[in-house]
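Just so you know, this note's numbering puts 142 at position 28 of the sequence shown, and the rest follows in order with no gaps. Beta carbons: idealized from backbone N, C-alpha and C, even for Gly. This structure is a prediction, so every number in the text was calculated from the model and none was measured.
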Amino acid sequence: MDRTNLNTDVFARAAEAFMDLRGLAFTVEWRRFPWTPGAEVDRALVGPAYLGNVSIGLKNGFSWGYQDRDGTWRYVHRDRLHLLVDSVVEHRAGHAPPLPRRSDRRVGGEHRG
């Protein structure tokens, strides 16, 4: 069996789980992880800004790995997608830095609120 196709299916199922369980859209991109040798890259699920654009990788084909807000790596067994979704949301929700505050907008000398 081709490992690339197997991993693609795993990534598609994981992205689908995030959408089905929490309505969160993830993309599949290429990223480096601590377990990626040399200059190579691995497939990664990349989350929305709401989750701080978290990158989730598949370590050794066995466990999903991602960093929590403090930079600690967390791992969830590949087949436990509901736990992965809950864990990522719990540890990453709202992690994106706040948007800059809007200053008062003045158009033509008049204040618009």
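Distance between beta carbons of residue j and residue i, contact taken as under 8 Å
i: TYR180; j: ARG188; result: 6 Å
i: LEU135; j: HIS196; result: 7 Å
i: VAL202; j: ILE170; result: 7 Å
Cutoff 6 Å; reference residue i; Cβ partners in own chain excluding five residues on either side
i: ARG173; result: Note on identity: in this sequence residue 173 is Lys, with Arg being the wrong assignment. For LYS173, where only same-chain residues beyond five positions count, the Cβ hits under 6 Å are TRP149 and GLY179.
i: TRP144; result: VAL155
Distance, residue j Cα to residue i Cα
i: GLY208; j: LEU198; result: 17 Å
i: ASN167; j: ARG146; result: 14 Å
i: ALA131; j: GLY152; result: 31 Å
i: PRO228; j: GLY137; result: Shown here, the chain extends from 115 to 227; a query on residue 228 therefore has no answer.
i: ASP184; j: MET133; result: 25 Å
i: ARG200; j: ASP182; result: Note that residue 200 corresponds to Asp in the displayed sequence, not to Arg. Going by the C-alpha atoms only, they are around 12 Å apart.
i: GLY186; j: ARG194; result: The question names Gly, but residue 186 is Thr in the sequence shown. C-alpha separation (whole angstroms): 20 Å.
Own chain partners of residue i with C-beta closer than 8 Å, once the 5 adjacent residues on each side are dropped
i: VAL142; result: THR122, PHE125, ALA126, ALA129, ARG157, ALA158, LEU159 and VAL160
i: PHE176; result: HIS191 and ARG192
Residue nearest to residue i in terms of C-alpha spacing, selected from the options
i: ALA139; options: GLU154, VAL155 and LEU165; result: LEU165
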